[in-house]
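**Student:** Can you keep this structure in mind? I'll have questions shortly.
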Amino acid sequence: MRAKFNRRMTALAVAAALSFSTSVLADTGGLRITIVDNNGNPVAGATVKVRTPDSLTEKEAVSDAEGNVRLVGLDASTKYQVNITGQGYQPLVANNVRVVTGKSLSLSYQVSSENFEKIEVTGKQVAAMDTTSAVVATDITLDLTESLPTARNYQSYLQLAPGVKPSNGGNPSSKSGVNYSDIPDSRYGSAGSSSDNVYYIDGVNVTDNSAGTFGANFNSEIIQEQQIITGGIPAKYSGGAGLVSRVVTKSGSNEFHGSINYYMQNDSLVSDYKNDSTREKSFSNFDTAVTLGGPIIKDKLWFFASYQLKKEDTDVPDPDNNGAVARSVEREEKLGFAKITWQATDDDRLTFTYFNDPTEISGTDIASTPNNRDRVRKQGGDNYKVDYTHSWDDLILSAGFMSHEGELSDIAVDQTTRNDVAYIGGNPTKADLSRGGLGSNTTRFRNKDNAYINLEYYLYTDFGEHKFEFGYEREKNENYSNQIYTGEGAQYTSIAAAQAGITLDEYIAASWTGEKEFSSGDRARFINAINKSADKDYFLGLLDTDNDGAVSQAEIGAMTFGTTSGNPDSQVNAYRALLSFQAPSEFVTKGQVFYLQDTWTLDNLTVAGGIRAEKWNHYANDGSKIFTFDWEYAPRLSVVYDINGDGESKVWAFSGRYYDPIRTNMTSFAGNVKGNVLDEQVFIGDKWLTYRTRGPADAMFAPSTKTPYTDEFMIGYQQSILDDMSVSFTYTDRKTKDILEDYDLGLYSETGEYAGTFLELPLSYFGFSEVPRTNYVIATLEGGIRKYKGYEVAFRKHKTDNWQMLASYTHNDAEGNTNSDSNADYQGDWSVLDPRAPNQYGKQPGNIDDQFKVAASYFFDNGIEVGAVYNWNSGVRYSETMAIGGRHLPVLVDVPYEFGGWTDTWIKEGAVGSHTTPSFGTLDLRVKYSMDIDIYKAEFFLDIFNALDDQAVTREQDLLSGDGTYQFGEAMNWVEPRRFYLGMKLSF
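Below you can see the structure in the form of structure tokens.
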């Protein structure tokens, strides 16, 4: 009986349900509705119809013997109307019912046999809970974002999700996602940016294929819903180590609707800075947007379009000149959007989406960046997607194509030669340390094309319901770059003239202010270069003090730096990167992905098992294939139990593996066959010696290289408290392994410098039979691991009775011995930074141990709305570091000692992740007034950010010797002062 009814129910569902794939994710959800009579008995045979003005999709089904109805393929909206009719029962209409992308929410309605013409209720959702899913996600709806004080972009909405860490740059870390880079951002430092996230806008993957950060912006006025997924990710999804952000945009409707808005802010609306080292800057900005949507053909063809203009003018203060204006910066963004939806038949839908985000920025507004290191930036590009969906009785097919273009180009304001100068003592200024210009002009494009097909099949049997999902896709990523060095075509790292005469050993061991380039591993490189040099006799005559015909480690360490000849700023020559050949390059990765998943529900139990498989080919800039990461299979399994069978509580467990495919930044490292050639040189005597050439034969993938992965185990419990109110508890345990790095086999192989020590790795580890003729090999980092354990408690009250709330508390412990994430760093070419080296393992820098968040709003009957967001965190962990090669690396001991057969100046005990910035909390407020004027609605906004004006410290200096402006542990960045933001909106 049940199986027969359910097959009939599916046949009556006439609209398509979109599936998910690695770059194209579904934009639909579902409802599970239970219908009972006055006595609580199930009502069979009731007809349920649902529709919303936000979508062309309408659904109809009939309740089974248990009074249950399941509706799938519903577009996200908070305005659904549910109509229930049945023989002998009065009609019931439920308004403002909510459907969430990717979820099948449980609802319950009671129908009456008494003599009423019609019963109307507000949409009732039993704690808005999906009792068949173990996915941990936060659903950000229009009524939430429009009532809260948030920045007007999808990146800022990520901060509402539990456990998502603060990020001023818009790429926050979540759970085990890396939140640290040893190449610090000039404003925010090393913490606050993750490369583990995946970003989708209407199914278009806009993640930067090189950096792993978001690669596009768009008008926030077009957001219908945003879903932030942080755990328990099924096989149909990509990502996993970080968060997955999915934005669903608005569509047209059968009625014309539109809006125009204007927001503004200037320095007169900002409180004074409380710290003496921060100078106030004058600025003004505005943000205006228009939207228009409606029918081209009612019930068949809809359109929605938007255009947004953002502009900001900023006078940047000079912190070294009493706050005098250093420069004026202009930023202009033009964000366009268009969407056409055609419901050709009841079973066929075609959607076309287009958006772009051209942006021009005349410079950086970071006060610590000197004018000579400023740059002009151009970014953005065109994005489009075509999607077709067809449905049969029990089968749904979705197919389409999407394309993403992302430019990120920088032009140096100062075109002179870059020269970083290091000092010992003397209190050098920024101007002393950072001479010359930015150093290069770079044009970049990170583009992506994707074609996909997805199938969903619903099977109803006497042994439960099955939802089978299958997807296949092909994806192409392009990374185009054209970099030209400015000035004389080289970049210098020099020694201050006052330190002339210092030896190489002293240079490596000393504590410097400013950038230095050489490490202990470079001694062997210098010796090898001397032996191969046409000027070998000259160098032997200069350095071979014992006249044995060879330069030893001790002799190379004793060489001195003292010559300023030819230096662009008359400082002591030490290191130079010379661009000896220049040409543009394009690197490509091509991938195939498929997934297969079965979600089986029997009574109160749901089991979802699936597998995700990916294969990626990498291509050099001459078009040749350089490496294949063969099929990797990631199993995922979840078990969910509806405790009482009433949709009001559940327990769940999840176990799965998430692979992290290698990005195109590593393709460009290993695949530079015909592009730029960079000669790295050391100044010895009166000559520049090239000791390493970066370009062709710079690097290659080792045959044994594996794709990094994260294993997750998660358990959770969720309980409804009252209607539209629930609390959940989640525990997560993650381990990240097979982390990627580059190795110097001249150091690590059985014939290298580390042979016979604990550091040695045989050629067989890399899959070689002989040492390849490259500077480096990209390989799996031996011993590299990151561990994460954490729990979170979350409370959600959806909008009913004039109020809504989202609150959470998260505690975690993150440890490891590497922060590498698809990048070439120093851990494979410097002994002291090897993951297995002493004092490398510790608390993960960048982690925040504890966070508390609450966001709430209340709606008065007189048109006034009040919203508030409060975020507290326990502070950011950071290490004691030194500056080498543009990186902040853990400090070393002064006296070398032996460990595992190798003697070196190892990392200082307690240097890694041992310090934490102060804890702080920030309160933001919004007051909004709405009024109706005929067919129009006028809204007026006042946002107050940092309402308590608590200008707490957000960053402290991590360089143990300081940077010429800030000493170690000194505050470097603060929460911005209290600031007001004004806006208005007129809609119809």
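Using my numbering, the first residue of the sequence shown is number 48, and each one after it goes up by one. C-beta: ideal position from N, C-alpha, C; glycine also.
#1: Quick check: what's the CA-CA separation for G831 versus G932?
#2: Our contact map puts N226 next to S220 with C-beta atoms below 8 Å; I'd like the distance itself, whole angstroms only.
#3: Restricting to Cα atoms, I'd like to know which of K984, L970, Y925, A930 is closest to A1018.
#4: Return the CA-CA distance between T592 and N920, expressed in angstroms with no decimal places.
#5: Mind reading off the beta-carbon distance from A288 to D243? Whole number of angstroms is fine, and I expect it under 8 Å.
#6: On a CA-only basis, which of S438, T392, N430, K357 is nearest T406? Give me that one, please.
#7: Residue range of the beta strand (DSSP E) that A446 falls in?
#8: Looking only at its chain, what residues have a beta carbon closer than 7 Å to the beta carbon of V295, apart from the 5 residues adjacent to it on each side?
#9: May I ask you to list the residues that DSSP assigns as paired with V291?
#10: Flag G287 as yes if its beta-carbon sits less than 7 Å from any beta-carbon of chain C, otherwise no.
#11: In chain order, what residues of the same chain lie with their CB nearer than 7 Å to the CB of G718, ignoring the 5 residues before and after it?
#12: What did DSSP end up calling S767 once you bin it into helix, strand or coil?
#13: Are there 16 or more other CB atoms within 10 angstroms of the CB of L649, so buried, or fewer, so exposed?
#14: Work out the CA separation of D367 and T463 for me, nearest whole Å.
#15: Cα separation between T540 and F748?
#16: What is the rounded straight-line gap between the Cα of F303 and the Cα of D360?
#17: Whole angstroms are fine: how far does the CA of S775 sit from the CA of M761?
#18: For R570 and G604, what's the separation of their Cα atoms in angstroms?
#19: Taking Q137 as the reference, give the member of G76, Y156, K126, S298 with the closest Cα.
#20: Quick check: D362 and S375, are their CB atoms within less than 7 Å of each other?
#21: Look at the Cβ atom of K514, then the Cβ atom of Y505, and state whether they are nearer than 7 Å.
#22: Quick one, which of D479, D997, P417, P708 has its alpha-carbon nearest D616's?
#23: Does the segment 985-995 come within contact of the segment 889-908, defined as at least 3 CB pairs closer than 8 Å?
#24: Span of the alpha helix (DSSP H) holding G518?
#25: For the 8 Å Cβ check, are there 3 or more pairs between the segment 193-204 and the segment 958-967?
#26: Would you kindly work out how many angstroms separate the C-alpha atoms of E877 and G568, rounded to a whole number?
#27: First and last residue of the alpha helix (DSSP H) that includes S203?
#28: Can you give me the C-alpha to C-alpha distance between P885 and L1007, rounded to a whole angstrom?
#29: Taking the CB atoms as reference points, tell me whether V974 and V1022 lie closer together than 7 Å.
#30: Just how far apart, CA to CA, sit N143 and S1034?
#31: Under 8 Å: do the segment 437-446 and the segment 491-510 share three or more Cβ pairs, one atom per stretch?
#32: On the criterion of 16 or more Cβ atoms from any shown chain inside 10 Å, does V619 qualify as buried, or is it exposed?
#33: Write down every uninterrupted run of the beta strand (DSSP E) in the segment 701-784 whose length is 3 residues or greater and which is fully enclosed by it, in chain order.
#34: If distances are taken between C-alpha atoms only, which option among N849, A871, D868, R843 comes closest to D186?
#35: Rounded to whole angstroms, what's the CA-CA distance from T69 to V640? Just pull it up for me.
#36: Let me check understanding here. Comparing Cα to Cα, which of V724, E553, Q851 lies closest to F907?
**Tutor:** This is what the structure gives:
#1: 22 Å
#2: 3 Å
#3: Y925
#4: 58 Å
#5: 4 Å
#6: K357
#7: 442-451
#8: D74, A123, T148, D249, Q271, E272
#9: V245, I276
#10: In summary, chain C is missing from the structure at hand, where a single protein chain is found.
#11: F634, H665, Y666, A667, N668, I673
#12: strand
#13: exposed
#14: 22 Å
#15: 29 Å
#16: 35 Å
#17: 13 Å
#18: 7 Å
#19: Y156
#20: yes
#21: yes
#22: D479
#23: no
#24: Where G518 is concerned, there is no enclosing alpha helix (DSSP H), although the beta strand (DSSP E) it sits in stretches over 511-532.
#25: no
#26: According to the sequence shown, residue 877 is Trp rather than Glu. Cα-Cα distance, rounded: 6 Å.
#27: 201-204
#28: 19 Å
#29: no
#30: 20 Å
#31: yes
#32: buried
#33: 724-731, 734-741, 746-748, 756-769, 772-784
#34: R843
#35: Note that T69 scores a pLDDT of 33, beneath 50, so its modelled location is shaky; the value from the coordinates is reported in the next line. Going by the C-alpha atoms only, they are around 7 Å apart.
#36: Q851
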